[in-house]
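S.K.: The structure that follows is given in the form of structure tokens.
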DNA sequence: ATCAAGGTTGACGTTTACGTAAAGGATAAT
DNA sequence: ATTATCCTTTACGTAAACGTCAACCTTGAT
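If you want it as structure tokens, here you go:
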């Protein structure tokens, strides 16, 4: 009953291409303890779990997490199955703080979205004015030209 | 009819305290062109508009904007009233890109929130198990003790 | 008068997150 | 056999965003 399912693996450049980062970045994340791919000789072999980690790391980055923070969360999550009470309470504390961060960020985003919309409207209306002005200028020139020719 | 309303001003340390940043940070933002407070002698005097700028800069930071990006947005927004067509179109382009960013970030946050909730549940259930185990251990010891004493 | 509290300008230091060679091993195609 | 394509490690470089002195005004309180 040797379970040999889900053994899809990835090379470093495959992952780099998929997530639009450089291989340097991926190696750097490993050096920082965020990834730990198997090796085949000395080449790195990434499995699905590694891939998810990379994905989460990158998403964390987009949300303003430092690599150290992401690592901490990963490590804690991994140890939740065997952690002691103190560890678990600490993790819960961290989690609630992160959730508060995310709520704040949600607000920030929503406000920014509104403001971007306002800026967009304002910008479009400015654009209209500019175009109307240019049109008028053009027709003025046209009339002048007609006068001279006619 | 000299309009002298809304002249509430702030010192650098007032703003620093309010937004929980250092004065160094605020001076740095000025150096980067994000703020331009008036001076009274050589001391900086910030008005409401300066304060809003600082607020926006910090919110931008929370959302992953670089200072340069924020500055660009500020500058463009200020120039929308007199900008030429090309400028305005460029601004609209930037704005739509930022909006796309924000939509992505909204997704990221929502997914992370779900995952944080899952992690929290898992963590709490682990905590329960630990506590139950400890309780059982304690009662076991108690029984042993009773045997010896009795 | 002096002293503490706040303000100023340099200017160098630090952390984070990679970029950018340099130098080389393994394999597959021509 | 050599060229091309990946992969590797080592190591120095860098941009952003401040931190951290140092050295110096200024001003109101004791």
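Protein chains in written order, with the numbering used here: chain P, 35 to 184; chain E, 35 to 184. Every residue, glycine too, gets a C-beta built ideally from N, C-alpha and C.
1. Buried or exposed for residue 175 of chain E, going by 16 or more other Cβ atoms inside 10 Å?
2. To which residues does DSSP link residue 80 of chain E through a beta bridge?
3. Helix, strand or coil for residue 116 of chain P, going by three-state DSSP, please let me know.
4. Note down, in chain order, all residues in the segment 125-154 of chain P with a beta-carbon under 9 Å from any beta-carbon belonging to chain E.
5. Alpha helix (DSSP H) containing residue 65 of chain E: first to last residue?
6. Let me confirm a value: residue 75 of chain E is counted as buried when at least 16 other C-beta atoms fall within 10 Å, else exposed. Which label applies?
7. Between residue 115 of chain E and chain P, is the shortest Cβ-Cβ distance under 9 Å, so that the two count as touching?
8. In the segment 91-117 of chain P, which residues sit with their C-beta less than 7 Å from some C-beta in chain E, listed in chain order?
9. Does the count of Cβ pairs from the segment 58-76 of chain E and the segment 97-117 of chain P closer than 8 Å reach three?
10. Using the rule of at least 16 other Cβ atoms within 10 Å of the residue's Cβ for burial, across every protein chain shown, is residue 153 of chain E buried or exposed?
11. Using 9 Å as the threshold, is the C-beta distance between residue 91 of chain E and residue 45 of chain E below it?
12. Can you give me, in chain order, the residues of the segment 153-182 of chain E that have a beta carbon less than 8 Å from any beta carbon in chain P?
13. Measure from the alpha carbon of residue 156 of chain P to the alpha carbon of each residue in E:123, E:86, E:53 and E:93, then state which is nearest.
14. Along the segment 55-75 of chain P, what residues have a CB closer than 8 Å to any CB found in chain E?
15. Can you tell me whether residue 166 of chain E is buried or exposed, with buried defined as 16 or more other CB within 10 angstroms of its CB?
16. Using the rule of at least 16 other Cβ atoms within 10 Å of the residue's Cβ for burial, across every protein chain shown, is residue 110 of chain E buried or exposed?
17. By alpha-carbon positions, which one of P:72, P:51, P:126 and P:163 ends up nearest to residue 89 of chain P?
18. Among P:161, P:172, P:144 and P:107, whose alpha-carbon lies nearest the alpha-carbon of residue 121 of chain E?
19. Would the beta-carbon of residue 180 of chain P be found less than 8 Å away from any heavy atom of the ligand MN?
20. Decide if residue 182 of chain P is buried, meaning its Cβ has at least 16 other Cβ atoms within 10 Å, or exposed.
21. Check whether chain P comes within 9 Å of residue 52 of chain E, counting only Cβ atoms and requiring the distance to be less than that.
M.R.: Let's see:
1. Taking the second chain and counting its residues from 1, the one referred to as residue 175 of chain E is at position 141. Looking at its Cβ environment, which holds fewer than 16 other Cβ atoms inside 10 Å, residue 175 of chain E is exposed.
2. Position 46 of the second chain, counted from the start, is the residue given in the question as residue 80 of chain E. E:44.
3. Residue numbering aside, residue 116 of chain P sits at position 82 when the first chain is read from its first letter. Residue 116 of chain P falls in the coil class under three-state DSSP.
4. 125, 126, 129, 130, 132, 133, 135, 136, 137, 138, 139, 140, 142, 143, 144, 145, 146, 147, 149, 150, 151, 153 and 154
5. Residue numbering aside, residue 65 of chain E sits at position 31 when the second chain is read from its first letter. Segment 57-65, the alpha helix (DSSP H) holding residue 65 of chain E.
6. Position 41 of the second chain holds residue 75 of chain E. Classification for residue 75 of chain E: exposed.
7. For the purposes of this step, residue 115 of chain E is identified with residue 81 of the second chain, where counting begins at 1. Yes, because at least one Cβ of chain P sits closer than 9 Å to the Cβ of residue 115 of chain E.
8. 93, 96, 97, 98, 111, 114, 115 and 117
9. no
10. Here residue 153 of chain E refers to the residue found at position 119 of the second chain. With 16 or more other Cβ atoms within 10 Å, it is buried.
11. For this step, residue 91 of chain E is matched to residue 57 along the second chain. For this step, residue 45 of chain E is matched to residue 11 along the second chain. Cβ distance not < 9 Å, so residue 91 of chain E and residue 45 of chain E don't count as in contact.
12. 153, 154, 156, 157, 158, 160, 161, 164, 165 and 168
13. For the purposes of this step, residue 156 of chain P is identified with residue 122 of the first chain, where counting begins at 1. Comparing Cα-Cα distances from residue 156 of chain P to each of E:123, E:86, E:53 and E:93, the minimum goes to E:123.
14. none
15. As a position in the second chain, residue 166 of chain E is number 132, starting the count at 1. When all chains shown are included, residue 166 of chain E counts as exposed.
16. As a position in the second chain, residue 110 of chain E is number 76, starting the count at 1. Buried: at least 16 other Cβ atoms inside 10 Å.
17. Residue 89 of chain P sits at position 55 when you count from the first residue of the first chain. Out of P:72, P:51, P:126 and P:163, P:51 has the C-alpha closest to the C-alpha of residue 89 of chain P.
18. Here residue 121 of chain E corresponds to residue number 87 of the second chain, with the count starting at 1. That would be P:161, whose Cα lies nearest to the Cα of residue 121 of chain E.
19. The ligand MN is not part of the structure shown, which contains no ligands of any sort.
20. Residue 182 of chain P sits at position 148 when you count from the first residue of the first chain. Exposed.
21. Locating residue 52 of chain E in the second chain gives position 18, counting from the first residue. It does not; no Cβ of chain P falls within 9 Å.
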